[in-house]
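Everything on this sheet refers to the single structure shown next.
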Amino acid sequence: MNNHFSQPIALLSKISIFFFLIVVVPPSYCVGYDEQLSACSGKYIFQCGSGTGLNISYPFWGGTRPQYCGRKGFEIRCQDNQYHFIDSAAQKFRVLNISYLEPIMTIVRDDLWNDYCSAIVYQEINFNHNIFKYSQNVRNISLFHHCDGVISPRDSNYFSCKMGLGGEEITTGFYVIDIPELRISNLSNTFQLGIKVPVLLAALDDLRRGNLEQALKQGFEVEYIADSIPCVQCIATGGICGSNISNTEQFICLCPDQPQPHTCPVGPPSHPKTLKWFRLGGLPVQISSGVLSDMAVEGDLLIR
Ligand SMILES: *[C@@H]1O[C@H](CO)[C@@H](O)[C@H](O)[C@H]1NC(C)=O
Ligand SMILES: *[C@@H]1O[C@H](CO)[C@@H](O)[C@H](O)[C@H]1NC(C)=O
Ligand SMILES: *[C@@H]1O[C@H](CO)[C@@H](O)[C@H](O)[C@H]1NC(C)=O
Ligand SMILES: *[C@@H]1O[C@H](CO)[C@@H](O)[C@H](O)[C@H]1NC(C)=O
Ligand SMILES: *[C@@H]1O[C@H](CO)[C@@H](O)[C@H](O)[C@H]1NC(C)=O
């Protein structure tokens, strides 16, 4: 007889422990490791606009791929049906391609893509040199403007631009590929230097043919650096690269059992998990397996 009363009471107290856990576990810790593992292990093609999609893989993230599958500072966003990368220096780049083998990203300054004429009088290109550097396939061109009367449309490196409000002012200018700093300063005493722009080696032919806009729109390549050595090592031991959920600046190797700082353990299987993750009303809740098995047993008794 006693059992009939004590069992529901015991169950009630376990349930209240349960809800206590739900309330005290802060939201950022609510994503369980199993969830992170499954979110990051699949391939993800980010669909933005009508193209074929962009393959998003570590260290990049964005769309429905969470930040913890990549690294802080590597978000790809879909804006105006285009892939964008917004650097911490607040300059916006359009992402044209990512090659994970090299690893290289092809980007173009968003303002140059939209209207290079209004962009050439603005600031130099600016990106986070801690995580990006120019690839071998990049050359600098220097654009000089307000050179009226000096340069003619017959010159292959000539360009003209509509400037000012309403575009009434027309300026003529020219561009030079890879000129040394000394010569730049001499030239900019005479003409106004607009900006120095990185272009692809492959675009130099366009430039020689006088097609400045075409060359600029091909963008340029940067090598990205995001702990690429640890990632390679992590993959080699069967892991998936990601970052710490509570600190996405920290690399972690997502291994089948638990996250590791660098690589997955090799050799005999590791000890079983002591913690399990369960979803309750949509919220993943961490409970110890002891409480869980008690609950399951008591639940069984109650049904009978
Ligand atoms: C993107 O990069 C891949 C891998 O390097 C390459 O095969 C592909 O041709 C590139 N696509 C474009 C549009 O440049
Ligand atoms: C996407 O990139 C990953 C990482 O390099 C690669 O393994 C995978 O084959 C790529 N998938 C597609 C569809 O390009
Ligand atoms: C292009 O210019 C940038 C910044 O001025 C410089 O860091 C880079 O080395 C230059 N690249 C080449 C290929 O000259
Ligand atoms: C560039 O200017 C420096 C002084 O600023 C001068 O010594 C040098 O001769 C000039 N070079 C050219 C090619 O005009
Ligand atoms: C993730 O970061 C937290 C807080 O910095 C730390 O306590 C935890 O050990 C880290 N997790 C891993 C797997 O490194």
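When we follow the numbering used here, the leftmost residue of the sequence shown carries the number 34, and every step to the right adds one.
Backbone N, C-alpha and C fix where the C-beta goes; we use that ideal spot for every residue, glycine too.
How would you label I50, buried or exposed, when you count the other beta carbons within 10 angstroms and need 16 or more for buried?
Low confidence applies here, because I50 scores a pLDDT of 48, under 50, leaving its location unreliable; read the following figure in that light. Exposed, by the Cβ-count rule.
Between the stretch 107-123 and the stretch 63-74, can you find at least three pairs of beta-carbon atoms closer than 8 Å?
no
Is there at least one non-hydrogen atom of ligand 5 closer than 6 Å to the beta-carbon of N173?
no
Excluding the 5 residues preceding and the 5 following Q266 in the sequence, name in chain order all residues of the same chain whose CB lies nearer than 7 Å to its CB.
Excluding the 5 residues flanking it on each side, Q266 has same chain C-beta neighbours closer than 7 Å at H295 and T296, in chain order.
Using the Cα positions of G65 and I258, report the straight-line distance between them to the nearest angstrom.
28 Å
Could you give the first and the last residue of the continuous alpha helix (DSSP H) run that contains S71?
Y66 to S74
I'd like the list of long-range same chain contacts for H304, defined as Cβ closer than 6 Å, with 5 residues on each side in sequence excluded.
Reliability of the predicted coordinates at H304 is poor, the pLDDT of 46 falling under 50, and the value obtained from them is presented with this limitation in mind. Nothing meets the Cβ criterion.
On a CA-only basis, which of Q124, F118, S83 and D144 is nearest E338? Give me that one, please.
Residue coverage of the chain in this structure runs from 34 to 337, which leaves residue 338 outside it and unanswerable.
Examine ligand 5 and report whether any of its heavy atoms sits within less than 6 Å of the Cβ of N280.
yes
By DSSP, does R104 sit in helix, in strand, or in coil?
Of the three classes helix, strand and coil, the one that applies to R104 here is coil, per DSSP.
Could you pull out every residue in the same chain whose Cβ sits closer than 8 Å to the Cβ of Q283, ignoring the five residues on either side in sequence?
S276 and N277
Straight-line Cα distance separating A235 from S90:
26 Å
Pick helix, strand or coil for Q266, following the three-state DSSP scheme.
helix
For C288, which residues of its own chain have a beta-carbon under 6 Å away from its beta-carbon, when the five flanking residues on both sides are left out?
G272 and C297
In chain order, what residues of the same chain lie with their CB nearer than 6 Å to the CB of F93, ignoring the 5 residues before and after it?
Around F93: G103, F107 and I109.
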